[in-house]
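A quick write-up on the structure given underneath.
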Amino acid sequence: MRVTRATRALLCGGCLLATTVHPGAAVFEDREFDDTEVAAAYQGLIEELRCLVCQNQNIADSNATLAKDLRDQVYEMLNQGSSRDDVIEFMVARYGDFVTYRPPINAATVLLWTGPFAAVLVGGGLLAIRLRGDKTGSAESVSGSDASEQAAQAWLQRQAAAPGED
Amino acid sequence: MPAWLRIGLVLGLFGGLVVVLALGLNRNPREVPSPLVGKPVPAFELPRLQSAESLASSQLLGTVTLLNVWATWCVACRQEHDALLAIAEDPGINLIGLNWKDDPSKARRWLQDLGDPYDAVAVDVDGRVGIDFGVYGAPETFVIDKAGVIRYKHIGPIDGGIWRDKILPVLAELE
């Protein structure tokens, strides 16, 4: 199927539906490999490379024609003796860091890599401060409620002495 | 901590979050910045659509070129076509088409029926040159300077506003 921008949203919706109906990896081509290591490299690469047409799919799962072309490209390069890194380098040179699901750490991606950890640290820190504040807060409220506690105790004693009086 | 400071801090954090999310939501995730901007044009030699000669990347040297990636199956290319015809009225602009993953006979008919804005069209039937250009959907348009370096990439159809605001300023800088 040929894909244009206008039909992509529909197609991506379709891809989503397809993945909910058939979970698990899709296989679009039968590939033959002389070497099991190359076969493993191929599978690893197509699972790691992002399909730029259907952006939240890797090229292993996408049936967009560009994904097929990129799978062909990966297959050919590996069969011609390219290494895994050669293929990644080839794709990144053309499509940018976005094409791989594990982008390298550089100035543009540092926030992407460290952001979640920073969020956990900040959130955890705020939570710790908050919890410590609550502990002193509750201690204060206990000491501050002596009068009402005494009143409650008195009421309980009256209840025990003469139930049903109130 | 005084109450006003507390409220100010919460409002400040909330406002910051709103700004970050608003910026994020207003960006188009389909527009993946090309690593090829600032790099020499990928080498290619392809057959031409309308003649038996070939068109090579080396032939782009010496003039500022607009390289427009299109196909007859691409709806947005049809939408863009009138803008390309208008652009082509300026004889100073070298507009080269890259007919991408298309049927050449359909492409020829398209140009006959709708008008031909291109100075030349290269045919990339299997899409290999498209991959070298990092093309992931048509239409895409590259601005290439006289030294054969890609200076700008526009993803999606060109219209009057995009031409005036995005592409003309780049061309003016290169002339």
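Top to bottom, those sequences are chains L and F.
Each residue of the first sequence is one higher than the one before, starting from 1 at the first, in the working numbering.
Each residue of the second sequence is one higher than the one before, starting from 1001 at the first, in the working numbering.
We put the CB at the ideal spot given by N, CA and C, even for glycine.
In this text, all values refer to a predicted model and were calculated from it rather than measured experimentally.
{"Check": "Rounded distance between the beta-carbons of Glu47/L and Asn173/L, thought under 8 angstroms", "Outcome": "Residue 173/L lies beyond the stretch modelled for chain L, which goes from 1 to 166, so this question has no answer here."}
{"Check": "Contacting residues, own chain, Cβ-Cβ under 7 angstroms from Pro23/L (five flanking each side not counted)", "Outcome": "Low per-residue confidence applies at Pro23/L: pLDDT is 42, beneath 50, and the placement is therefore not dependable, though the value from the model is reported in the following sentence. If we look at Pro23/L and ignore the five residues flanking it on each side, it has no Cβ neighbours."}
{"Check": "Thr1141/F classed as buried or exposed, judged by whether at least 16 other C-beta atoms fall within 10 angstroms", "Outcome": "buried"}
{"Check": "Start-to-end residues for the alpha helix (DSSP H) that takes in Gly1062/F", "Outcome": "Per DSSP, Gly1062/F belongs to no alpha helix (DSSP H) and is neither H nor E."}
{"Check": "Alpha-carbon spacing of Leu1174/F relative to Val1123/F, whole angstroms", "Outcome": "27 angstroms"}
{"Check": "Proximal residues to Leu1055/F (C-beta, below 7 angstroms), its chain only, five neighbours per side dropped", "Outcome": "Leu1046, Arg1048, Ala1120 and Ala1122"}
{"Check": "Residues, ordered as in the chain, of the region 1111-1134 of chain F that lie near chain L by beta-carbon distance below 9 angstroms", "Outcome": "Asp1126, Gly1127, Arg1128, Gly1130, Ile1131, Asp1132, Phe1133 and Gly1134"}
{"Check": "Cutoff 8 angstroms; reference Tyr42/L; Cβ partners in own chain excluding five residues on either side", "Outcome": "Arg31, Phe33, Val74, Tyr75 and Leu78"}
{"Check": "Chain L contact for Gly1008/F (CB, 9 angstroms cutoff)", "Outcome": "no"}
{"Check": "Uninterrupted beta strand (DSSP E) stretches inside the region 1121-1160 of chain F (no shorter than 3 residues)", "Outcome": "1140-1144 and 1150-1155"}
{"Check": "Chain-ordered chain L contacts of Gly971/F [CB-CB under 8 angstroms]", "Outcome": "Outside the displayed range of chain F (1001 to 1175) lies residue 971/F, so it cannot be described from this structure."}
{"Check": "N- and C-terminal bounds of the beta strand (DSSP E) containing Ser1054/F", "Outcome": "Ser1054 to Ala1056"}
{"Check": "Contacting residues, own chain, Cβ-Cβ under 6 angstroms from Trp1004/F (five flanking each side not counted)", "Outcome": "none"}
{"Check": "Within-9 angstroms CB hit, Arg94/L to chain C", "Outcome": "No chain C appears in this structure, whose protein chains are L and F."}
{"Check": "Proximal chain F residues relative to Phe28/L, where beta-carbon distance stays under 8 angstroms", "Outcome": "Going along chain F, no residue has its Cβ under 8 angstroms from Phe28/L, so there is no contact; the nearest lies around 16 angstroms."}
{"Check": "Helix, strand or coil at Trp1100/F according to DSSP, with G and I counted as helix", "Outcome": "strand"}
{"Check": "Residues of its chain near Val122/L, where Cβ-Cβ distance is below 8 angstroms and the 5 sequence neighbours each way are ignored", "Outcome": "none"}
{"Check": "Three-state secondary structure assigned by DSSP to Thr114/L", "Outcome": "helix"}
{"Check": "Range covered by the alpha helix (DSSP H) that runs through Leu70/L", "Outcome": "Thr65 to Asn79"}
{"Check": "Within-9 angstroms CB hit, Tyr1176/F to chain L", "Outcome": "Nothing about residue 1176/F can be reported from this structure: the residues present for chain F run from 1001 to 1175 only."}
{"Check": "Neighbouring residues, chain F, relative to Val53/L (Cβ below 8 angstroms)", "Outcome": "Tyr1136 and Gly1137"}
{"Check": "Through-space distance from Ala40/L to Ala60/L, alpha-carbon basis", "Outcome": "13 angstroms"}
{"Check": "Where Pro1002/F falls: helix, strand or coil (DSSP)", "Outcome": "coil"}
{"Check": "Glu1045/F - containing alpha helix (DSSP H), residue span", "Outcome": "Here Glu1045/F belongs to no alpha helix (DSSP H); instead the beta strand (DSSP E) covers Glu1045 to Pro1047."}
{"Check": "Segment contact flag, the region 1151-1159 of chain F with the region 1074-1083 of chain F, C-beta cutoff 8 angstroms, min 3 pairs", "Outcome": "yes"}
{"Check": "Rounded Cβ spacing between Leu1061/F and Val1143/F (contact assumed at less than 8 angstroms)", "Outcome": "About 15 angstroms; that fails the 8 angstroms criterion."}
{"Check": "Selected residue, minimal CA-CA separation from Pro1042/F, among Val1064/F, Ile1150/F and Leu1111/F", "Outcome": "Ile1150/F"}
{"Check": "Three-state secondary structure (DSSP) of Arg94/L", "Outcome": "helix"}
{"Check": "Assigned exposure category for Lys1101/F - 16 Cβ within 10 Å defines buried", "Outcome": "buried"}
{"Check": "Cutoff 9 angstroms: Ser1034/F Cβ touching any chain L Cβ", "Outcome": "yes"}
{"Check": "Proximity test, Cβ basis, 9 angstroms: Lys1101/F and chain L", "Outcome": "yes"}
{"Check": "One or two residues paired with Pro1040/F in a DSSP bridge", "Outcome": "Val1149/F"}
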